[in-house]
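Asks: I am attaching a structure below and will ask some questions about it afterwards.
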Amino acid sequence: DAMVIQNPRYQVTQFGKPVTLSCSQTLNHNVMYWYQQKSSQAPKLLFHYYDKDFNNEADTPDNFQSRRPNTSFCFLDIRSPGLGDAAMYLCATSGPPLAGGETQYFGPGTRLLVL
Amino acid sequence: ILNVEQSPQSLHVQEGDSTNFTCSFPSSNFYALHWYRWETAKSPEALFVMTLNGDEKKKGRISATLNTKEGYSYLYIKGSQPEDSATYLCAPMTTDSWGKLQFGAGTQVVVTP
Numbered sequence: 001d002a003m004v005i006q007n008p009r010y011q012v013t014q015f016g017k018p019v020t021l022s023c024s025q026t027l028n029h030n031v032m033y034w035y036q037q038k039s040s041q042a043p044k045l046l047f048h049y050y051d052k053d054f055n056n057e058a059d060t061p062d063n064f065q066s067r068r069p070n071t072s073f074c075f076l077d078i079r080s081p082g083l084g085d086a087a088m089y090l091c092a093t094s095g096p097p098l099a100g101g102e103t104q105y106f107g108p109g110t111r112l113l114v115l
Numbered sequence: 116i117l118n119v120e121q122s123p124q125s126l127h128v129q130e131g132d133s134t135n136f137t138c139s140f141p142s143s144n145f146y147a148l149h150w151y152r153w154e155t156a157k158s159p160e161a162l163f164v165m166t167l168n169g170d171e172k173k174k175g176r177i178s179a180t181l182n183t184k185e186g187y188s189y190l191y192i193k194g195s196q197p198e199d200s201a202t203y204l205c206a207p208m209t210t211d212s213w214g215k216l217q218f219g220a221g222t223q224v225v226v227t228p
């Protein structure tokens, strides 16, 4: 089945130690998104890729970076995790928004714990 | 950033009872409203995409209505079952934000046998 896969499901890292979360998709979608969701809050968009075009949200901290080496894979790098970065990180994909392709398909998320 | 409000934040329903909850959003530049269901340990799953004022969508025992002029949507669950337990997220999409989804914090539904 076509899907969005996130690894690992749970990630524990130390304060200040770089960590990478990964996402892959078999849907061949143009757009890939990374969201951060803290407890009981709305998922917050960090950035998205439209093909190779990277789009950062204005309030995304510089500590968060992303890479998309090909259509299928996208990575979220947190350069120096702080305690406030502990959250669920969701990856999603879609076709071109505002052209009928805007339904987003989500992975199960990676829960990040920072010690 | 849109102000998207979902209420209540959580609710407990007895199996077999029906329930409903609300998503409120600014009505300007409206393009579409998405509803997602997110069960624990699973991926958020798209339920509905609604675009027209007065739209009604139905999927099994779950249905939704949309009022774009006043900026709200209701989601209804008829005859709740334990498998309906999940967090239900709404996300409006506007024409001036490239079509990005702006999620609410969700309504957590717990259905008890």
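Keeping their order, the protein sequence lines are chains P and Y. Numbering-wise, my numbering puts 18 at position 18 of the first sequence, and it's gapless, one number per residue. Whatever position you read off the second sequence (first residue = 1), add 115 for my numbering. The beta-carbon is built from N, C-alpha and C at its ideal position, and this holds for glycine as well.
1) Run through DSSP, which three-state label would D77(P) get?
2) Examine chain Y for any beta-carbon lying closer than 9 Å to the beta-carbon of F54(P), and answer yes or no.
3) Measure the Cβ-Cβ separation of D77(P) and S66(P) and say whether it is below 9 Å.
4) Under a CB-based cut-off of 9 Å, is Y189(Y) close to chain P?
5) Should S80(P) go down as buried or exposed, given a rule of 16 or more other Cβ atoms within 10 Å for buried?
6) Look at P207(Y) and Y151(Y) and say whether their C-beta atoms are less than 9 Å apart.
7) Answer with yes or no whether the minimum CB distance from S133(Y) to chain P is below 9 Å.
8) Below 7 Å CB to CB, which residues in the same chain sit around K172(Y) once its five sequence neighbours on both sides are set aside?
9) Using a 10 Å radius around the Cβ and a threshold of 16 neighbouring Cβ atoms, would you call I192(Y) buried or exposed?
10) Compare the C-beta of S40(P) against all C-beta atoms of chain Y and say whether one is closer than 9 Å.
11) Output, in chain order, the set of chain Y residues within a Cβ distance shorter than 8 Å of G107(P).
12) Whole angstroms are fine: how far does the CA of F218(Y) sit from the CA of F47(P)?
13) Do V31(P) and Y49(P) come within 9 Å of each other at the CB atom, strictly closer than that value?
Replies: Checking against the coordinates, here is how it stands:
1) As a position in the first sequence, residue 77(P) is number 77, starting the count at 1. DSSP places D77(P) in strand when its eight states are reduced to three.
2) Residue mapping note: residue 54(P) aligns to position 54 of the first sequence, counting from 1. For F54(P), the answer is no, since every Cβ of chain Y falls outside 9 Å of its Cβ.
3) Position 77 of the first sequence, counted from the first residue, corresponds to residue 77(P). Position 66 of the first sequence, counted from the first residue, corresponds to residue 66(P). Cβ distance < 9 Å, so D77(P) and S66(P) count as in contact.
4) Residue numbering aside, residue 189(Y) sits at position 74 when the second sequence is read from its first letter. It does not: the Cβ of Y189(Y) has no partner Cβ on chain P nearer than 9 Å.
5) Position 80 of the first sequence, counted from the first residue, corresponds to residue 80(P). Around the beta carbon of S80(P), fewer than 16 other beta carbons lie within 10 angstroms, which makes this residue exposed.
6) In the second sequence, the residue the question calls residue 207(Y) occupies position 92. In the second sequence, the residue the question calls residue 151(Y) occupies position 36. Not closer than 9 Å, so no.
7) Numbered from its first residue, the second sequence carries residue 133(Y) at position 18. So, not an interface residue.
8) Residue mapping note: residue 172(Y) aligns to position 57 of the second sequence, counting from 1. For K172(Y), where only same-chain residues beyond five positions count, the Cβ hits under 7 Å are F163, M165, S178, A179.
9) In the second sequence, residue 192(Y) corresponds to position 77, counting from 1. Around the Cβ of I192(Y), a 10 Å sphere holds 16 or more other Cβ atoms; the residue is buried.
10) Position 40 of the first sequence, counted from the start, is the residue given in the question as residue 40(P). Interface criterion met: the Cβ of S40(P) is under 9 Å from a Cβ in chain Y.
11) Numbered from its first residue, the first sequence carries residue 107(P) at position 107. Ordered by position in chain Y, the residues that pass the 8 Å Cβ test against G107(P) are S158.
12) Here the question's residue 47(P) lines up with position 47 in the first sequence. Here the question's residue 218(Y) lines up with position 103 in the second sequence. Taking the straight line joining both Cα atoms gives about 14 Å.
13) Start at 1 with the first residue of the first sequence, and residue 49(P) comes out as number 49. Start at 1 with the first residue of the first sequence, and residue 31(P) comes out as number 31. Yes.
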